[in-house]
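Engineer: The sequence shown begins at 595 in my numbering and counts up by one.
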Amino acid sequence: MELKRELTERQRALLWLSAAEVTSERVRQLTEEFGSPEEVYQAFGRENGPQFQARACERLKKIHPADELSAWAEKLEQSHVHLLFSDDEEYPKWLRTIDDFPYLLYYAGRLSCMKAPMVGIVGTRKASAYGKSMAHSIARGLAEAGVTVVSGLARGIDGAAHQGALDADGSTIGILGSGINVPYPSEHAPLLRKIAGGKGLILSEYPLDAEPVPFHFPYRNRIISGLSLGVVFVEGEVKSGGMLTVHEALTQGREVFAVPGLVGTKGAEGPHAILREGARIVTSAQDLLDDLNLLSHARQHQRERIEVTDPVQKKILQALQVQPLTVDQLSQELSMSAGELLVSLSMMEINGLIQREAGNTFLAVFAPKE
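Right, dumping it as structure tokens:
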């Protein structure tokens, strides 16, 4: 359960700007001009104060009084939506490396999802059965390896990717182009609630009640790629949101991958175009684990998920925690025959609990739970 947050004056000023959807770039310009977000807030309405477009100015004027701004913050608390500022310790360092990182994110769910390596999966809303199957399969494989799947919660490829991660009992992050209380599409409201309710994390740069207007989504896309080590374009046309996310990823220095499709179909156009330009081909989660150097992370994740219940395997692990041993040494240590031990050792090696070293010496690579 999140505790109620007491906001600093700087944070209140940033919340005020965010409530009117003032962009990150504009906030940085204003901060350079006036010295700080607090000074922007204080100077608002003065003769030489900050200038805003009419719609934003109207919104800023409405919640500029201290009690109105406090009421706006209280509405967030009542909606179980929380704030993540760019200077918070929990703010993902990877996202902070992009040029126009968000100064404020609204969230619901588990921030711990962002501690794991993250991979973006994007593509068309009008996905084929093949595209949705590939998105689901890749996402599921990544989640099983302890990688957090990032996507946009849209129809088609996005929805299949989120569901694949959930089906693996893994973590997924949905990035919205609207307020968290305005799920888009509306039929994905149950999926949003499931992710926010403990299975993952929902993030938005936009305040409560913000509508999913078209110009929000290119901004949303930079967050998907900004969080991710790499972005997978599963299916979509050359002129599409998926391609925009790919371009953002390239600008941000992220790895770009594509799933090959059926030649001649619209959904294959985008992935095939970036494959010709040098994107890496992806046919499974294993390809991504290899190319992003995540195999050691995956092995560690699998070991952490294993609970050893077999009493013989527990004894073997406890003995090998002290020092590597041969079968004969284990036999003497545990007062068991070599034949009995070999059956357990073979299974443990297959499951990644131990590894065989030179001279048939066994080494524990997993610490059993007490």
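Here a beta-carbon is modelled for each residue, glycine too, at the ideal position from N, C-alpha and C. Fair warning: this is a prediction, and the values are worked out from it, not measured in the lab.
#1: Are the CB atoms of G746 and G830 within a distance shorter than 8 Å?
#2: Determine the direct distance from the alpha carbon of V921 to that of M930, and round the result to whole angstroms.
#3: Counting C-beta neighbours from all protein chains within 10 Å, is the total for L624 16 or more, i.e. buried, or is it exposed?
#4: Could you tell me how far apart the beta carbons of L795 and M708 are, in whole angstroms, since I believe they sit closer than 8 Å?
#5: Indicate whether L736 and V744 have their beta-carbon atoms separated by less than 8 Å.
#6: For the segment 782-817, which segments carrying the alpha helix (DSSP H) assignment without a break, of at least 4 residues, lie completely within its bounds, in sequence order?
#7: Which residues share a DSSP beta bridge with I868?
#8: Would you kindly work out how many angstroms separate the C-alpha atoms of S940 and A958, rounded to a whole number?
#9: Going by the beta-carbon positions, is the gap between G820 and P801 smaller than 8 Å?
#10: Is there a Cβ of chain B sitting closer than 8 Å to that of I817, yes or no?
#11: Quick check: what's the CA-CA separation for R950 versus Q917?
#12: Beta-carbon separation of G864 and F811 under 8 Å?
#13: If you follow the beta strand (DSSP E) that Y700 is part of, which residue opens it and which one closes it?
#14: Return helix, strand or coil for Q949, following the three-state DSSP convention.
#15: Determine the burial state of E842: buried for a count of at least 16 other Cβ atoms within 10 Å of its Cβ, exposed for fewer.
#16: Helix, strand or coil: which one does DSSP assign to R749?
#17: Secondary structure at T742, three-state DSSP: helix, strand or coil?
#18: Return the residue from the list R893, I767, L609 that minimises the CA-CA distance to L705.
#19: What did DSSP end up calling M708 once you bin it into helix, strand or coil?
#20: Please name the residue, chosen from Q846, T845, G847, A873, that lies closest to P854 on a Cα-to-Cα basis.
#21: Does the distance from the C-beta atom of G824 to that of V713 stay below 8 Å?
#22: Relative to the alpha-carbon of G639, which residue among G629, L856, C651 has its alpha-carbon at the smallest distance?
#23: How would you write the range of the alpha helix (DSSP H) that G835 sits in, first residue to last?
#24: What separation, rounded to the nearest whole angstrom, lies between the Cα atoms of S673 and S822?
#25: One question on the structure: do G836 and L785 come within less than 8 Å of each other, judged by their Cβ atoms?
Structural biologist: So, to answer that:
#1: As a working note, residue 830 is residue 236 in the sequence shown. As a working note, residue 746 is residue 152 in the sequence shown. Result no, Cβ atoms of G830 and G746 do not sit closer than 8 Å.
#2: Taking the sequence shown and counting its residues from 1, one reaches residue 930 at position 336. Taking the sequence shown and counting its residues from 1, one reaches residue 921 at position 327. Those two C-alpha atoms are separated by around 10 Å.
#3: Here residue 624 corresponds to residue number 30 of the sequence shown, with the count starting at 1. With 16 or more other Cβ atoms within 10 Å, it is buried.
#4: Position 201 of the sequence shown, counted from the first residue, corresponds to residue 795. Position 114 of the sequence shown, counted from the first residue, corresponds to residue 708. Taking C-beta atoms under 8 Å as the contact rule, L795 and M708 qualify, at a distance of about 7 Å.
#5: As a working note, residue 736 is residue 142 in the sequence shown. As a working note, residue 744 is residue 150 in the sequence shown. Cβ atoms of L736 and V744: not closer than 8 Å.
#6: Taking only runs of at least 4 residues, the alpha helix (DSSP H) segments lying wholly in the segment 782-817 are 783-788.
#7: Locating residue 868 in the sequence shown gives position 274, counting from the first residue. According to DSSP, which records beta bridges pairwise, I868 is partnered with nothing at all.
#8: For this step, residue 940 is matched to residue 346 along the sequence shown. For this step, residue 958 is matched to residue 364 along the sequence shown. Roughly 13 Å separates the two Cα atoms.
#9: To locate residue 820, count along the sequence shown from 1; it is residue 226. To locate residue 801, count along the sequence shown from 1; it is residue 207. Not in contact: G820 and P801 (Cβ atoms no closer than 8 Å).
#10: Looking at the structure shown, chain B is missing, and only one protein chain is on hand.
#11: Locating residue 950 in the sequence shown gives position 356, counting from the first residue. Locating residue 917 in the sequence shown gives position 323, counting from the first residue. R950 and Q917 have their C-alpha atoms spaced approximately 13 Å apart.
#12: Translated into positions along the sequence shown, residue 864 becomes position 270. Translated into positions along the sequence shown, residue 811 becomes position 217. No; because the gap between Cβ atoms is not below 8 Å, this pair is not in contact.
#13: Locating residue 700 in the sequence shown gives position 106, counting from the first residue. Y700 -> beta strand (DSSP E) spans 698-703.
#14: Numbered from 1 along the sequence shown, position 355 holds the residue referred to as residue 949. Judged by DSSP in its simplified three-state form, Q949 adopts strand.
#15: Residue mapping note: residue 842 aligns to position 248 of the sequence shown, counting from 1. Counting the other CB atoms within 10 Å of its CB gives E842 a total of 16 or more, which places it among the buried residues.
#16: As a working note, residue 749 is residue 155 in the sequence shown. In the three-state scheme derived from DSSP, where H, G and I count as helix and E and B as strand, R749 is classed as coil.
#17: Locating residue 742 in the sequence shown gives position 148, where the first residue counts as 1. In the structure shown, T742 sits in a strand (DSSP, three-state: E or B).
#18: As a working mapping, residue 705 is identified with position 111 in the sequence shown. Between L705 and the set R893, I767, L609, the nearest pair of CA atoms involves I767.
#19: Taking the first residue of the sequence shown as 1, we reach residue 708 at position 114. DSSP places M708 in helix when its eight states are reduced to three.
#20: The residue given as residue 854 occupies position 260 in the sequence shown. Checked all of Q846, T845, G847, A873; the closest Cα to P854 is A873.
#21: As a first step, residue 824 is located in the sequence shown; it is residue number 230 there, counting from the start. As a first step, residue 713 is located in the sequence shown; it is residue number 119 there, counting from the start. Less than 8 Å separates the beta-carbon of G824 from that of V713.
#22: Start at 1 with the first residue of the sequence shown, and residue 639 comes out as number 45. In this structure, C651 is the residue among G629, L856, C651 with its C-alpha nearest to the C-alpha of G639.
#23: Residue 835 sits at position 241 when you count from the first residue of the sequence shown. From DSSP, the alpha helix (DSSP H) with G835 extends over 835-845.
#24: Taking the sequence shown and counting its residues from 1, one reaches residue 673 at position 79. Taking the sequence shown and counting its residues from 1, one reaches residue 822 at position 228. Near 28 Å, if we compare the C-alpha coordinates of S822 and S673.
#25: The sequence position of residue 836 within the sequence shown is 242, counting from 1. The sequence position of residue 785 within the sequence shown is 191, counting from 1. Going by C-beta atoms, G836 is not nearer than 8 Å to L785.
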